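The structure appears right after this line, and notes come after that.
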Amino acid sequence: MIRTPLRPLARILEARARGENPAAIERENLRLRHERMRDSARTRAEGRLLMLGVMFCAAFVVVGVRMGTLAAAVPTEPRAAASGAAIVAQRADIVDRNGNILATNLATHALYAQPPNMIEPARVARELAQIFPDLDEQRLLADFTGERKFLWIKRRLSPEQMQKVHDIGDPGLLFGPREMRLYPNGRLAAHVLGGSGFGREGVSSAEVVGRAGVEQAFDAWLRDPANGGAPLRLSLDLTVQASVERVLAGGMRLMNAKGATAILMDVHTGEVIAMASLPDFDPNERPRLPTKGDPSDSPLFNRAVQGVYELGSTFKTFTIAQALEEGIVTPKTMIDTKGPMVWGRYRIRDFRNYGPELSVTDVLVKSSNIGTARLAQRIGAERQRAFLDQLGFLVPVPLELVEAPTGKPLLPPRWTDISMLTISYGHGLSASPMHLAAGYATLANGGFRVTPTLLAGGGKPGERVVSEATSAAIRSMLRDVVAHGTATLAEVEGYSVGGKTGTADKPKRTGGYHKDKVLSTFASIFPSDAPRYVLVVTLDEPEDRTGSEPRRTAGWTAAPVAGEIVRRAAPLLGLRPEIESASGFGVTLAAN
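Residue 1 is where the sequence shown starts when you use full-length UniProt numbering, and the numbers rise one by one after that.
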């Protein structure tokens with residue numbers, strides 16, 4: 001910085017020349033210097049004050065924003081954080097094809113205890129036993145007064161139960177937030193959904209995992225946050241499912257059956273619209289797996305896919321379809337039905353004497369074992385096995401349920417000639433009702449193989465198994481069975497139902513067959529002229545006692561139940577009944 005001298009020489013000399021006082025010049029310059037120094041100091045002070053004011057304002061803004069955030073937040077007590085992998089509790093919803101909720105999540109709490117912090121263990125144990133009758137007071141007291149530092153009391157609490165525990169007022173009782181799985185429709189579609197439970201658990205969260213059904217089959221997908229909360233959309237229709245279950249339960253009671261199952265499937269896409277198995281359970285309170293007895297007696301047993309049965313005369317449809325497809329016969333070809341048919345030491349008989357011969361159509365309509373066995377002789381064992389393999393009867397059905405692989409068909413050790421004959425009319429090979437539904441869908445939809453699915457949108461048609469001509473012939477024959485054959489009780493006015501009955505004696509555990517216990521099945525399609533759906537109904541040990549003698553055949557038991565299901569479900573599926581006009585009915589133009 002260059003400072004201006006107070007007594008500049010030029011001005012001093014000039015002032016002396018004019019006779020002026022040089023000291024006045026020094027005083028003026030000193031005054032100006034002081035003024036400049038004063039102005040500079042003032043400017044510097046004002047800048048510092050401005051900066052300090054801005055900093056104070058910013059600090060007040062930050063404090064105000066933080067105070068507002070704290071005021072809007074929910075107050076929580078501080079908790080100690082434990083190291084380890086985080087537990088992701090969020091699980092996607094499951095909905096039906098129309099978006100109706102089948103499974104969702106509910107926020108709740110779990111109850112746990114820290115005995116060292118308890119003040120009155122005896123009183124706490126007594127009052128907890130009153131709130132939760134399933135808890136043992138003495139056991140709780142032993143846990144509270146022992147050496148345990150921590151124990152779970154209840155994994156899930158209702159709001160009412162939580163309030164009652166709050167009222168106990170002991171600091172040793174604590175709550176942990178939980179997300180539980182809720183099935184708002186109770187037992188509806190229980191075997192499809194399966195149920196869920198808790199996996200890894202912590203004090204502040206728990207992992208919800210699938211235990212059975214689609215919950216377990218799609219467990220990874222339901223827990224994947226990458227799906228963005230999108231629900232799993234099933235092919236089920238909630239209203240149709242409810243109707244099927246209600247009718248099936250009523251039919252099971254009326255026919256005095258120990259169990260029942262029904263499957264309603266789209267013949268083109270393989271979408272399962274409804275699937276029921278009785279007895280059933282509530283997935284909200286899923287029972288434990290049985291440790292003894294017959295697993296099929298458990299309500300957890302899914303008869304639709306896990307139950308493998310000899311499905312009786314429903315298999316005759318496949319034998320006739322193969323004979324037609326291979327050009328061995330036509331629907332009008334006459335078949336020898338004189339009985340009994342002798343094969344070595346075996347004798348094959350019909351339910352009644354149908355005469356010396358029947359047409360192929362009547363073999364199916366009257367359900368002739370001998371006629372079907374004659375057709376199987378012309379087909380041969382190797383070709384029969386290959387055809388059933390094309391239809392999917394030799395492997396477990398590929399359905400999106402963890403239980404499906406357990407429904408492995410029971411095949412003969414060696415596919416002998418006698419096996420070929422008995423399999424042709426539904427004995428000697430055991431398969432699930434889901435296998436049967438897929439097989440009938442394949443024959444009804446024009447001949448393309450169907451793969452069942454529980455996902456909305458269905459699958460693509462598979463390979464062609466039979467021709468359109470064979471499919472049309474089979475549809476016509478199935479219609480004849482209902483119109484004037486063994487399944488007349490399945491007739492539904494306004495809906496053209498076609499189907500085939502099947503009654504098979506139940507095998508004994510010790511070998512042989514029961515004489516008074518059967519499995520009755522009715523496999524049907526509707527409308528038969530242009531099928532859209534296949535329906536399979538199976539009753540375990542049914543017995544119609546309305547007559548003078550008990551009747552167990554499928555025509556008296558399974559067929560009427562299936563007819564009632566069609567009557568209830570068809571309108572829900574958007575199928576309009578076809579009403580035939582009475583003779584002479586018409587519109588006459590009036591003359592002027």
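Where a beta carbon is used, it is the ideal one built from N, C-alpha and C, also for glycine.
Computed from a predicted structure; not experimentally measured.
_alpha helix (DSSP H) runs contained entirely in the segment 283-340, provided each spans 4 or more residues_ = 316-325
*Cutoff 6 Å; reference residue 299; Cβ partners in own chain excluding five residues on either side*: 279, 280 and 281
*Taking only the alpha-carbon atoms, compute the straight-line gap between residue 479 and residue 526 and give it to the nearest angstrom.*
9 Å
*With a 10 Å radius around its C-beta and 16 neighbouring C-beta atoms as the bar for buried, classify residue 466 as buried or exposed.*
buried
_Quick check on the DSSP output: the beta strand (DSSP E) that includes residue 498 runs from which residue to which?_
498-507
_Mapping the DSSP letters down to three states, classify residue 366 as helix, strand or coil._
coil
*Would you kindly work out how many angstroms separate the C-alpha atoms of residue 15 and residue 28, rounded to a whole number?*
14 Å
*For residue 464, write down the residues that DSSP places opposite it in a beta bridge.*
448
*Alpha carbon to alpha carbon, what distance is there between residue 439 and residue 417?*
23 Å
*State buried or exposed for residue 6, treating a residue as buried only when at least 16 other CB atoms are found within 10 Å of its CB.*
exposed
_Would residue 577 and residue 490 qualify as a contact pair, given that the criterion is a beta-carbon distance under 8 Å?_
no
*Selected residue, minimal CA-CA separation from residue 341, among 30, 372 and 163*: 372
_residue 62, DSSP secondary structure in three states_ = helix
*Tell me, please, which residues DSSP counts as bridged to residue 112.*
152 and 174
*Tell me where the alpha helix (DSSP H) around residue 162 begins and ends.*
159-168
*asked:* Tell me which residues share the same chain as residue 148 and place their Cβ nearer than 7 Å to its Cβ, disregarding the 5 neighbours each side in the sequence.
replied: 115
*Do residue 367 and residue 358 have their C-beta atoms within less than 8 Å of each other?*
no
*Do you know offhand how far residue 174's Cα is from residue 150's?*
10 Å
*Give the straight-line distance between the Cα atoms of residue 351 and residue 394, rounded to the nearest whole angstrom.*
28 Å
_Which residues does DSSP list as the beta-bridge partners of residue 198?_
208
*Output the distance between the C-alpha atoms of residue 214 and residue 513, rounded to the nearest integer angstrom.*
35 Å
_Given this structure, state the Cα-to-Cα distance separating residue 272 from residue 471, to the nearest angstrom._
21 Å
*Based on Cα-Cα distance, which residue from 532, 570 and 518 lies nearest to residue 556?*
518
*Would you mind sorting residue 82 into buried or exposed? The rule is 16 or more other CB atoms within 10 Å of its CB.*
Model confidence at residue 82 stands at a pLDDT of 46, short of 50, so the residue's coordinates are unreliable; what they give is reported in the following sentence. It counts as exposed.
*Shortest alpha-carbon distance to residue 457 belongs to which of 265, 286, 152 and 391?*
265
_Sequence ranges, alpha helix (DSSP H) only - wholly within the segment 537-582, length at least 4_ = 558-572
_Would residue 240 and residue 455 be called neighbours here (beta carbons separated by less than 8 Å)?_
no
*Look up residue 266 in the DSSP assignment and say whether it is helix, strand or coil.*
strand
*State yes or no: is the beta carbon of residue 183 nearer than 8 Å to at least one beta carbon in chain C?*
The chain labelled as chain C is not found in the depicted structure, where only one protein chain is given.
*What whole-angstrom Cβ distance do residue 172 and residue 117 have, given they're in contact under 8 Å?*
4 Å
*So residue 182 packs on residue 232, CB below 8 Å; how close in whole Å?*
The pair is not a contact, with the Cβ atoms about 15 Å apart (cut-off 8 Å).
*Are residue 257 and residue 540 close, meaning C-beta to C-beta below 8 Å?*
yes
*Tell me, to the nearest whole angstrom, how far the beta carbon of residue 522 is from that of residue 423; I am working on the premise that it is less than 8 Å.*
At roughly 20 Å, the Cβ-Cβ gap does not stay under 8 Å, so residue 522 and residue 423 are not in contact.
*Alpha-carbon spacing of residue 35 relative to residue 67, whole angstroms*: 48 Å
*asked:* What residue range does the alpha helix (DSSP H) around residue 214 cover?
replied: 213-217
*Nonlocal neighbours in the same chain, by C-beta distance under 8 Å from residue 493, ignoring five residues either side*: 577
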